[in-house]
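Sequence positions in the sequence shown follow this note's numbering and run 971 to 1129.
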Amino acid sequence: MHVRGSLSQSAITSLLEETTAPIRVACRTPQDHLWMCSLWYRLEDAVDADEDDWRLQCATSARADIVSFLESEPEVAFEVSTNDPPYTGVRGRGTATIEPDPEKETLRALLERYRIGTDSTLAQNLLRAERDEVTITIEPAVVYGWDFSDRMRETGTEA
C-alpha cells in the first residue's frame, strides 16, 4: 500500500479505527456508470503481522446492487471522513473482493462497532436467518490522509 498526504501510516490507522462515519465506496456498474454507496466498515489487520498494511471490511446483503457491480469490476475508490470541521479523513483506491458470510460475523462486529448492538429492531431485521450476507474486503493500493485542523484554526472550527 502506498501512503500519501499529510497523515502518517499510524495516524491513518488510528483515524480509521476511531471514526465511525460510514465509508463511501465508489465503483462502476456493468454499464460503466459510476456508483457510490455508503457502508459501515471496520479495519482488518494484514495477515502478515510484520506488515503495516490493513484492509477495510464491510457487510451487506448478498442481493445489494454493489455486490453485482463489484463482481463485474472489483476496482474501487473510497473515503472515510469526518462530517464536521475541522475536516480529517482518508481516501484511496484499491480492489474489492466478496465472500459469503453465512454466520454474519462481519455484520455482527459492525453492529457492535457502530453501537447498535444485536438486540435492536434494526439488528434483528439485518440478522434474519433468511437474509444472505456477504463481506466486502477492500485491499487498498493507495491511501491519502488529510487533517485540515491547522488551516481551519482561523475559522473558529478547531477541535
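All C-beta atoms in this analysis are idealised placements derived from N, C-alpha and C, irrespective of residue type, glycine included.
Pull up the DSSP beta-bridge partners for Trp1005, would you. Cys997
Evaluate contact between the stretch 1086-1097 and the stretch 1061-1068, counting only Cβ atoms and requiring at least three cross-stretch pairs below 8 Å. No, because fewer than three Cβ pairs between the stretch 1086-1097 and the stretch 1061-1068 fall closer than 8 Å, the two stretches do not touch.
Name the residue from Val1104, Glu1069 and Pro1055 whose alpha carbon lies nearest to the alpha carbon of Ser1031. Among Val1104, Glu1069 and Pro1055, the Cα nearest to that of Ser1031 belongs to Val1104.
With respect to the alpha helix (DSSP H) encompassing Ala1093, which residues constitute its N-terminal and C-terminal limits? Thr1091 to Leu1096
State the DSSP-derived secondary structure class of Ala1099, mapped to helix, strand or coil. It is coil, neither helix nor strand.
Going along the chain, which residues of its own chain have a beta-carbon closer than 7 Å to the beta-carbon of Arg1078, five neighbours each way excluded? Thr1088
Run through DSSP, which three-state label would Arg1061 get? strand
Is the CB-CB distance between Thr1107 and Arg994 below 8 Å? no
Is the separation between the beta-carbon of Val1046 and that of Ala996 shorter than 8 Å? yes
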